[in-house]
Every structure is written in C-alpha cells, then in structure tokens.
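My numbering numbers the first residue of the sequence shown as 12 and each following residue consecutively.
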Amino acid sequence: MSAKLGEQQRLRISEIFYSLQGESRSAGWPTVFIRLTGCPLRCAYCDTEYAFQGGEWISLDEILAQTAGFTPHYVTVTGGEPLAQKNCLPLLQQLCDADYAVSLETSGALDIAEVDPRVTVVMDLKTPSSGEESKNRYLNIGDLKSTDQIKFVLGDRADYDWARAKLDEYDLTQRCEVLFSPVKDALSATDLANWILADGLQVRMQIQLHKLLWGEEPGR
Ligand code: SF4
12 MSAKLGEQQR LRISEIFYSL QGESRSAGWP TVFIRLTGCP LRCAYCDTEY
62 AFQGGEWISL DEILAQTAGF TPHYVTVTGG EPLAQKNCLP LLQQLCDADY
112 AVSLETSGAL DIAEVDPRVT VVMDLKTPSS GEESKNRYLN IGDLKSTDQI
162 KFVLGDRADY DWARAKLDEY DLTQRCEVLF SPVKDALSAT DLANWILADG
212 LQVRMQIQLH KLLWGEEPGR
C-alpha cells in the first residue's frame, strides 16, 4: 500500500527551470518550467529529444517546493508529453491550488478531458511534416475552453494549407486562440507572416523567443 501510494505521488522529471516563456499568449513572462520525461510521439522537428528518457523520480511535494523557490506567477508543465504520466493531473491541480497561473503544453495526442479547468491548455495539432499527424486526437477539440490555445507548428507551405483547412473544418478560431509557429530553419518566418496576412487569418503568429535569446540550450 505504501509503495503504491509513493508511486502515485511521484513524477519522472527531466528538468525544472526558470526562464522566459518563449511561446503562446504568455510569451515573454518569467515562468517556471516543469519538464516531464517521456513522449509517445517522435515529431521530425522535436527539440526536446533529451526528455524522451532519463530524468529523475521526484515527489509532487518536492516539485511544488522547487517551484515555490522561484516565487513565480506563471508555471508551465511541459515535456515530452506531460499527460503520458498519469500523475501529471494531480500536479496540475496542486499547482492551481497554490494560485499559480498554470499552463500545460501537450501534443494533442492524449485525452485532455481530466485536466483541471483552471489550467490553460496549449494543445498542438500535429501537421503532416511532423510525421505524427495520425496521432491527433480530434475529440480533444470539443474539450478546449475559450481560454485555451491551439498551436500549429508549420514546416512548409503544405503544412500551412493543411492547417488552414483545419481552421475551417473545426471552426477553430471561434473556439480559442490559434497559434501558428514556423519550424526553425525549415520555414521562413517572413513567408509565414505574409501568407497569414494575405489570407486574412485570425491567428497569432509566434517565433520562439527563447531560441532567439539562447539558441538550443536545454533548460532555456
Ligand atoms: S510531442 Fe513534443 S516532445 Fe513529443 S516528439 Fe513531438 S515535439 Fe517532441
């Protein structure tokens, strides 16, 4: 019983660090990032492959204590794919109970229905060039709140056209904020900006701020 309880209270963690939020509506805000280990996907452009394995088992109490040490307002739970570990859900709940502004970055492949409603969900829809389009769980779209965000990471014009079709098919811009982000070194940010303007899309374009500041350095 006690061993089982202990397992329920832990998560495998790749890193906990303090940085500027590089993406989403909260870009630029100082934020504590809690990166959970493991991901069932293998996106072609993945920049956190180091989080696929390894990491360290840490109790929820200790994760909360480390987070509090930074005295943040914003906390982001990310991965890997955080929802691949079931104890991600109580972690999110406890972070909300501690009155942080909590966001969850998720691939869109796993069920988001049980995520605490106080959490801002930033959910990917995987584009064709990611190689993981088949993993999209479109049922999640019905569980998104108006305060959540859907993110498309675009590698080429074909991805852009695909994303534009998804906007129409699921009426996404009426559901929540939609983010379009170019894959670094694959798609010109200027081209993407021009396409968005030419088509009059009501989406928010973003460039990963942390990569402009610190490159590919882990823990940034
Ligand atoms: S879902 Fe995220 S962490 Fe997983 S492979 Fe894709 S980009 Fe990497």
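Glycine included, each C-beta is placed from N, C-alpha and C at the ideal position.
DSSP bridge partner residues for A112 (one or two, in chain order): Y85, per the DSSP bridge assignment.
DSSP-derived helix/strand/coil call for S13: For S13, the predicted model reports a pLDDT of 43, less than 50, meaning its position is unreliable; a value from the coordinates is still stated below. The answer is helix: DSSP assigns S13 an H, G or I state.
Collapsed DSSP secondary structure at S157 in the structure displayed: DSSP places S157 outside both helix and strand once states are collapsed to three, so it counts as coil.
Stretch-stretch touch, CB-based, cutoff 8 Å, three pairs: the region 125-141 with the region 60-70: Not touching, per the Cβ criterion.
Beta-bridge partners of P41, as assigned by DSSP: Per DSSP, the beta bridge partners of P41 are L31.
Local Cβ density within 10 Å of K162, reported as buried at 16 or more and exposed below that: Here K162 is buried: its Cβ has 16 or more other Cβ atoms, across all protein chains shown, within 10 Å.
Reference E60; option with closest CA among L47, H221 and P128: Comparing C-alpha distances from E60 to each of L47, H221 and P128 shows the shortest one belongs to L47.
Straight-line gap, S35 to P41 (C-alpha atoms, nearest Å): Near 13 Å, if we compare the C-alpha coordinates of P41 and S35.
CB contact flag (A112, Y85, <7 Å): At the C-beta level, A112 and Y85 come within 7 Å of one another.
Buried versus exposed, by CB contacts within 10 Å (16 or more), T117: Flag for T117 reads buried.
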